[in-house]
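One line per chain: the protein sequences are X and C, in this order.
Just so we're aligned, residue 36 is where the first sequence starts under the numbering used here, counting upward by one.
Just so we're aligned, residue 27 is where the second sequence starts under the numbering used here, counting upward by one.
Here is the structure we will look at.
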Amino acid sequence: MNIIVCVKQVPNTANVKIDPKTNTLIREGVESIINPFDTYAIEEGVRLKERFGGMVTIITMGPPQAEAALREAISLGCDEAILVSDRAFAGSDTWATSYVLSRAIKKFGPFDIILCGKQASDGDTAQVGPGIATHLDIPQATYVKKIEEIKDKLGRVERLVEEGYEVVEIPLPCLLTVVKEINAPRLPSLKGKMRAKSAQIKSWNAKDLECNHKYIGLEGSPTKVVKIFNPPPRKGGAKLTGEPQEVVDKLVSMLKADGRI
Amino acid sequence: MDYLLNEQQVMIRDLARQIAREKIKPVAAEYDEKEEFPWPIVKILSDADLFGVYIEEKYGGTGGQGLELALCVEELSRACGGISLCLAATALGTYPIILFGSEGQKQKYLPDLAKGKKLGAFAITEPEAGSDAGSIKTTARKDGDYYILNGTKQWITNGGEAETYSVIAITDKAKGARGASAFIVEKGTKGFNFGKKEKKLGIRASATRELVFEDCRVPKENLLGKEGMGFIVAMKTFDKSRPGVAAQALGIAQGALDLAVNYARSRRQFGQPISSFQGIQFMLADMATEIEAARALIYAACRAIDAGSKDIARISAMSKLFASDVAMKVTTNAVQIFGGYGYMRDYPIEKFMRDAKITQIYEGTNQIQRDVIARTLIKEAASK
């Protein structure tokens, strides 16, 4: 089975700071990690390899330092890694990014399954996975919590939905985005780390991928970010204390004064 | 602090540290309380390839030596000095095969031990033969293609859990110390059974059992080295393994210091954190200094041994002696810094003190270490 896992390198912080002038994330001084949701995609890819044989190829689009994320993925059991990197990709939105990744996957050749995390912890759009499937014109299942079976080029997966889960059959080749319920990612092994250290990482740029320049970078991105800001912290409400009757009376009169009732 | 470690040694240290922090620390108190063997952690260490850090690549290891093992044991012991023993005691049981095993024995046993698929153990101690190892009574009588083992080994770390045992037994009583031989005995061999599991002061996640041999027939291919080499096998094994015990002690001491520093910063008395008192500061400073000295000695010992130095008994004994004494002192002072809370089992620090004590006792008491060191000094002077 030929498995591809797409990952993104993100800043390791819950409190992303934004540069008010450029509307972009401030990355200085923040450690980079593999997008936490993607670690489940990596683990599932390695488990599929262990179940069905084959190999796992990891792909990321990003600056040259994103190579660290690829090496980490190799230490976790992935076999090969491709870095898709070019200054021309800078400013790509989810549409342009999924276009570039789909070009890379086309160049890579035949595959059976593409795995992605359900979304990235920085942008939180959950659009790149579905975007890749659309560009490649293959079926997709999002929010997958279990891959039940893969037989005769047909996958049977469970999709997490609000009320429970759906069981979906999906023909291969396909793309799945996974949720954290799908597995518990393993720790790296020493031999994996040693292999990662010396692994050859392929690097492809816009020219290698024969990208249409109208579709990449800031210009190729239909999304325009007008403004990004941290929402102001919520202020605490008023607290009423006293006997129940007293408090209820007070609340009713306050709501009336406020014109709410 | 840069310890001049190579790339692979840094990887081993960091990986062991990550496992200790994320997987061992959260469960250490529970295993201590229940006195259970930490099989889920064995699986994690096995998957991480840490069981083979001191074993050659051709036998399934990652090609390191004693320093790699010490780094690994040190980091694991920072979280739990008992759980780290599943790996450290396997190494003790494996060294006789590395040092004296034939090519066939190495190929048969080392890959599973390197992978952590099987655990190892070493057995010399008996009820009446502790420091006086020469008085062991377990016998191995040759009978055609077999040796027949009879006797009881006591306090064997990993006993009952391990699959592969290196056992010292007497093949020729008349020859005294030169009449002992070493054997590989596999769990499941007929006539090889286990006695009671000991209840211990510390390292309670580690299993300590009796091994009972009753007409246990061991194939003659399982003899390590030659007949009569049993004590040489044991002594050379200890020379290699003692820095591992020292590393366990070092990790326990470091773990206790880590906790003590944090506690001193958060515990407030007289309106301020107790870390602002010079009395506490001086204790912490001394603890850190002694730990660093122990680390320097252990790493130096490992490097000398790994480089193939000839007379390693002295430096090996010194590292075990010094580090274990430091561990006992540091953990005792760490409990002191925690005060009344430190004495309570709700807090993690008393366990470190209980775990530290064994490092002054096993693989040769610290009195035996001093004896080893002194004998090398006197012998050296006499030979001049």
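A virtual CB, placed ideally from N, CA and C, is assigned to each residue, including glycine.
The structure presented is a predicted model; accordingly, all values stated were derived computationally and were not measured.
Assign L118 of chain C to one of three DSSP states: helix, strand, or coil.
Shown here, L118 of chain C sits in a helix according to DSSP, grouped into three states.
N-terminal and C-terminal residue of the beta strand (DSSP E) that N219 of chain C is part of
Per DSSP, N219 of chain C belongs to the beta strand (DSSP E) from F218 to K223.
Residue interval of the alpha helix (DSSP H) (run including C41 of chain X)
Element bounds for C41 of chain X: not the alpha helix (DSSP H) but the beta strand (DSSP E), N37 to V42.
Cβ-Cβ separation, L93 of chain C to R329 of chain C (assumed contact under 8 Å), whole Å
That belief holds up - the Cβ atoms of R329 of chain C and L93 of chain C are roughly 6 Å apart, short of 8 Å.
Please determine, among C:E83, C:R243, C:Y325 and C:G87, the residue with the shortest C-alpha to C-alpha distance to S72 of chain C.
Here the closest residue by C-alpha is C:G87.
With 8 Å set as the bound, which would you pick, yes or no: does the beta-carbon of S137 of chain X sit closer than that to a beta-carbon of chain C?
No, its Cβ sits nowhere closer than 8 Å to a Cβ of chain C.
Hey, how far is the Cα of S161 of chain C from the Cα of G254 of chain C?
A direct Cα-to-Cα measurement between S161 of chain C and G254 of chain C gives close to 15 Å.
What three-state label does DSSP hand Q175 of chain X in the structure shown?
Reduced to three states, the DSSP call for Q175 of chain X is strand.
Determine whether the Cβ of D73 of chain C lies closer than 8 Å to any Cβ atom of chain X.
By this cut-off, D73 of chain C is an interface position.
Report the neighbours of R221 of chain X on chain C: residues whose CB is nearer than 7 Å to its CB, in chain order.
Against R221 of chain X, the close residues of chain C are D73, in the order they occur along the chain (beta-carbon pairs closer than 7 Å).
Report buried or exposed for L111 of chain C, applying the criterion of at least 16 other Cβ atoms within 10 angstroms of its Cβ.
Counting other Cβ atoms within 10 Å of its Cβ, L111 of chain C reaches 16 or more and is therefore classed as buried.
Leaving aside the five residues before and after D351 of chain C along the sequence, list all residues of the same chain whose C-beta is less than 8 Å from its C-beta, in chain order.
Counting only Cβ-Cβ distances below 8 Å, and skipping sequence neighbours, we find Q386 and N392.
Proximity test, Cβ basis, 8 Å: T88 of chain C and chain X
In terms of beta-carbon proximity, T88 of chain C lines the interface with chain X, with at least one pair separated by less than 8 Å.
Hey, would you say Q274 of chain C sits closer than 8 Å to I317 of chain C, going by beta carbons?
Taking a C-beta distance under 8 Å as the contact criterion, Q274 of chain C and I317 of chain C do not qualify as a contact pair.
With respect to the alpha helix (DSSP H) encompassing K237 of chain X, which residues constitute its N-terminal and C-terminal limits?
Per DSSP, K237 of chain X belongs to no alpha helix (DSSP H); it is in the beta strand (DSSP E), I236 to W239.
Nearest to T95 of chain X by CA position, among X:A123, X:W130, X:N265 and X:I236, is which residue?
Taking T95 of chain X as reference, the option from X:A123, X:W130, X:N265 and X:I236 with the minimal CA-CA separation is X:I236.
Residue span of the beta strand (DSSP E) that contains S110 of chain X, given as start and end
First-last for S110 of chain X: E102 to S110, but that is the alpha helix (DSSP H), not the beta strand (DSSP E).
Should T276 of chain X be labelled buried (16 or more other beta-carbon atoms within 10 Å of its own) or exposed?
With fewer than 16 other Cβ atoms within 10 Å, it is exposed.
Along chain C, in chain order, which residues have C-beta atoms closer than 8 Å to that of K226 of chain X?
Per Cβ cutoff of 8 Å: D75 and T88.
Is there contact here, the region 122-142 of chain C with the region 152-161 of chain C, by at least three beta-carbon pairs under 8 Å?
The region 122-142 of chain C is not in contact with the region 152-161 of chain C.
The region 35-57 of chain C: which residues have C-beta closer than 7 Å to a C-beta of chain X, in chain order?
Those would be M37, I38, L41, Q44 and I45, in chain order.
Starting from E33 of chain C, find everything on chain X with Cβ-Cβ shorter than 8 Å and list it in chain order.
The answer, in chain order, is K232.
Classification of E183 of chain X by the beta-carbon crowding that lies within 10 angstroms, buried from 16 upward
E183 of chain X comes out exposed.
Through-space distance from G164 of chain X to I149 of chain X, alpha-carbon basis
A straight line joining the alpha-carbon of I149 of chain X with that of G164 of chain X spans about 9 Å.
Give me the chain X residues within the contact set of I70 of chain C, using Cβ-Cβ distance strictly less than 8 Å, ordered along the chain.
Result: L222.
Any idea if K228 of chain X is buried or exposed, counting beta-carbon neighbours within 10 angstroms, 16 or more meaning buried?
Buried is the call here.
Going by CA-CA distance only, name the one from X:I53, X:T132, X:C151 and X:R86 that's closest to K215 of chain X.
Minimum Cα distance to K215 of chain X is reached at X:C151.
Please list the terminal residues of the continuous beta strand (DSSP E) segment that includes M354 of chain C.
Premise fails: M354 of chain C lies in the alpha helix (DSSP H), A339 to Y369, not in any beta strand (DSSP E).
Let's test the definition: count the other Cβ atoms within 10 Å of the Cβ of G108 of chain C and tell me whether it reaches 16, buried, or not, exposed.
Buried, by the Cβ-count rule.
Determine whether the Cβ of V79 of chain C lies closer than 8 Å to any Cβ atom of chain X.
Yes - at least one Cβ of chain X is within 8 Å of the one on V79 of chain C.
Along the chain, where does the alpha helix (DSSP H) containing L210 of chain X start, and where does it finish?
Residue range C209 to V213 is occupied by the beta strand (DSSP E) that includes L210 of chain X, with no alpha helix (DSSP H) assigned at that position.
Sub-8 Å separation of A168 of chain X and R194 of chain X beta-carbons:
No Cβ-Cβ contact shorter than 8 Å links A168 of chain X with R194 of chain X.
Please name the residue in C:G256, C:I182, C:I278 and C:R268 whose C-alpha comes closest to that of A235 of chain C.
According to the sequence as given, residue 235 of chain C is Arg; it is not Ala. Distances from the CA of R235 of chain C to each of C:G256, C:I182, C:I278 and C:R268 were compared; the closest alpha carbon is that of C:I182.
In whole angstroms, what is the alpha-carbon distance linking H248 of chain X and K141 of chain X?
In a straight line, the C-alpha of H248 of chain X is about 17 Å away from that of K141 of chain X.
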